[in-house]
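Notes to accompany the following structure.
In this note's numbering, the protein residues as written are 945 to 1651.
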């Protein structure tokens, strides 16, 4: 046997191990590569599948999403509804005006708007705004890049490190007065810049909406490609009937301007309803009360933006709709007659000096069965002048001491409390309570005189003593000379019992007319005096010498008596109408009716006694019958007069008379209820208030043809 070489064996083993390792590596490499290729292939299949899904299955949706990033929808205001009188005469209309508008892109900066304003200034004539402020001029100056850089160099190191808003404020401070001494052309450009810069992103403002010429419209359209966001359109103004009288004008109210926009106190609520901050909205009276109906539905435009966020084109996609129209209960012809009647009679009192201290005169006429207001008018008078100014809204905002017109309410309180039950007879006599001055009827001031009167007679000749004795009975006592009233006379409970009878007719509470800012009158809270708690004030309240009421409240009172005891809210709008094809008055959308607020809580027999008292106040034969002058009216009326002793504001040493009246006609089938208030006359002039009422009734008969 040959000897084995150890070294040779070592190298042979090494060689075998190397070959074995290479064989093992060869077996692993293909597997790894195959696995990697398989993973890549799988991912590729998933990607292709997903792309196919997006392209084929969801392609339309993706296109819409891509388009939405460059196409947005903006809204444009539509004209408000028209307001017509009861005969269909347009009182408030819209006058269309051509306009030049600007819709701001969502990436537009001040410098872009300045360049645009300068271009536009060479094409159209926009008069310089008289209200252009120093800040407005500085903003325009800083919108120029070179000017901005010059101002930035004036900032200190600390100012340059402020936040953006504070830094800009410092930049404004660095602008020198000499740098904003603009000529007329620059002021015009600054005015355009101010209007355009006021627009928020993607909102539209008017650059010019007054006096736009056809040439300006043409030149803007011609250069549309160079004026991103600038377009031509239409604006509107509220226009008023040339024959519209002053009294109706104030009832209609006003709207805000685009500059005023939403009233601050209502902005949050209106924004939630979809309004924009610069929208014009009703700001007073009917325009405000019926804002929701009068406001038009906005048109919609699709605005396409380029990659820089500027507007490339605009396309109308939804036409705006004019607001709904209102038809009033007021006939312009009759309203004018009532206004002329009141002015004529009151001017006569002013000219003669009788109304020197009177703050004004007021009259209201309404339908007692529906609450429709036929006419409402008033005049204001300054003590230092004989000139009258229109104050129709004073019929719902101004309150005066009513006097004896309220006695129907006092009798009602007596019925409800059980103090009287029917046409009860009480003794008219002067009332003298301990610690107070004597109180009596105007015709019976002699102590010891005793005149038996029933309820109808007490209304006919207007007995104060009868009303005071109703209150005494409500207190549970019988009248005795120089008596002291029980402690309950000064309690709130007793005042509320008496006032309840008055309030059921609308006195001392809001009538709920469809106009804002109505006053409830003044309900005093002084329950008596130190010397005689409750004695003076409670008894004074019974014949209208304590609380104050508005002319509209007294008209509602007259209407409630006229219709037999149903208190109905007055209203000046009769219906809400749509638009016909030409934008005129369309079909009825909603009828407006007076709400039945309450029923006077007495029996029909008791109400008929009160109505008989009103009738006898006109037709009675007693020498002291109070309203006999109305008997010759064209429609047979019933009425109640009232005289109150007063002191005019600012003249505590002057004694005056409020001369008031309520009436309705015809007495058997009432069609009209009236109130007349003539406060603070130097002497009793109930002949004037009766003359006014008679003339109004006659004018109503002539206008409406009522027999």
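Positions of the beta carbon are idealized from the N, C-alpha and C atoms, including for glycine.
Between residue i and chain E, is any beta-carbon pair separated by less than 7 Å?
| i | result |
| --- | --- |
| residue 1468 | Looking at the structure shown, chain E is missing, and only one protein chain is on hand. |
For a quick check, are the C-beta atoms of residue i and residue j less than 7 Å apart?
| i | j | result |
| --- | --- | --- |
| residue 1290 | residue 1305 | yes |
| residue 1046 | residue 1174 | yes |
| residue 1617 | residue 1637 | no |
| residue 1624 | residue 1600 | yes |
| residue 1323 | residue 1332 | yes |
| residue 1575 | residue 1558 | no |
| residue 1274 | residue 1029 | yes |
| residue 1677 | residue 1371 | Only positions 945 to 1651 of the chain appear in this structure, which leaves residue 1677 out of reach. |
| residue 1184 | residue 1459 | no |
| residue 1414 | residue 1358 | yes |
| residue 1179 | residue 1043 | yes |
Considering Cα atoms alone, identify which of the options is closest to residue i.
| i | options | result |
| --- | --- | --- |
| residue 1631 | 1570, 1463, 1165 | 1570 |
| residue 1543 | 1575, 1528, 1508 | 1508 |
| residue 1527 | 1137, 1136, 1240, 1096 | 1240 |
| residue 1375 | 1499, 1386, 1243, 1368 | 1386 |
| residue 1133 | 1536, 1447, 1084, 1158 | 1084 |
| residue 1124 | 1091, 983, 1146, 1504 | 1091 |
| residue 1052 | 1089, 1144, 1026 | 1144 |
| residue 1469 | 1457, 1497, 1439 | 1439 |
| residue 1514 | 1536, 1493, 993, 1420 | 1536 |
| residue 1270 | 1498, 1627, 1531 | 1531 |
| residue 1464 | 1448, 1492, 1248 | 1492 |
| residue 1191 | 1059, 1422, 1339, 1627 | 1339 |
| residue 1314 | 1036, 1533, 1519, 1062 | 1519 |
| residue 1643 | 1169, 1277, 1195, 1548 | 1277 |
| residue 1330 | 1288, 1099, 1074 | 1288 |
| residue 1580 | 982, 1392, 1336, 1650 | 1650 |
Once DSSP output is grouped into helix, strand and coil, what is the label at residue i?
| i | result |
| --- | --- |
| residue 1528 | coil |
| residue 1593 | coil |
| residue 1563 | helix |
| residue 1518 | strand |
| residue 1314 | coil |
| residue 1391 | coil |
| residue 1580 | coil |
| residue 1280 | helix |
| residue 1193 | helix |
| residue 1234 | coil |
| residue 1352 | helix |
| residue 1323 | strand |
| residue 1123 | helix |
| residue 1225 | coil |
| residue 1546 | coil |
| residue 1533 | strand |
| residue 1045 | strand |
| residue 1416 | helix |
| residue 1091 | helix |
| residue 1039 | strand |
| residue 1109 | helix |
| residue 1396 | strand |
| residue 1157 | coil |
| residue 1022 | coil |
| residue 1178 | strand |
| residue 1129 | helix |
| residue 1636 | helix |
| residue 1150 | strand |
If you draw a straight line from the alpha carbon of residue i to that of residue j, how long is it in whole angstroms?
| i | j | result |
| --- | --- | --- |
| residue 942 | residue 1267 | Because residue 942 is not part of the residues shown, which for the chain are 945 to 1651, the question remains open. |
| residue 1327 | residue 1426 | 41 Å |
| residue 1598 | residue 1489 | 17 Å |
| residue 1280 | residue 1511 | 27 Å |
| residue 1097 | residue 1050 | 29 Å |
| residue 1403 | residue 1603 | 17 Å |
| residue 1639 | residue 1587 | 20 Å |
| residue 1021 | residue 1033 | 25 Å |
| residue 1113 | residue 1622 | 59 Å |
| residue 1213 | residue 1437 | 40 Å |
| residue 1220 | residue 1237 | 17 Å |
| residue 1610 | residue 1364 | 28 Å |
| residue 1634 | residue 1217 | 50 Å |
Tell me whether residue i counts as near the ligand ADP, meaning its Cβ is closer than 6 Å to at least one heavy atom of that ligand.
| i | result |
| --- | --- |
| residue 1188 | This structure lacks the ligand ADP, and indeed carries no ligand of any kind. |
Checklist entry - Within the chosen definition, does the segment 1205-1212 reach the segment 1104-1113 through at least 3 CB pairs nearer than 8 Å? => result The segment 1205-1212, when compared against the segment 1104-1113, does not touch it at the 8 Å Cβ threshold.
Checklist entry - For the segment 1479-1493 against the segment 1347-1358, are there 3 or more C-beta pairs whose distance is under 8 Å? => result The segment 1479-1493 makes contact with the segment 1347-1358: 3 or more CB pairs, one atom from each, lie closer than 8 Å.
Checklist entry - Are three or more beta carbon pairs between the segment 1149-1157 and the segment 1060-1073 nearer than 8 Å? => result With the cut-off at 8 Å, the segment 1149-1157 and the segment 1060-1073 touch.
Checklist entry - Would the segment 1076-1095 and the segment 1113-1120 be scored as touching if the rule is three or more Cβ pairs under 8 Å? => result Because the criterion of three Cβ pairs below 8 Å is met, the segment 1076-1095 and the segment 1113-1120 touch.
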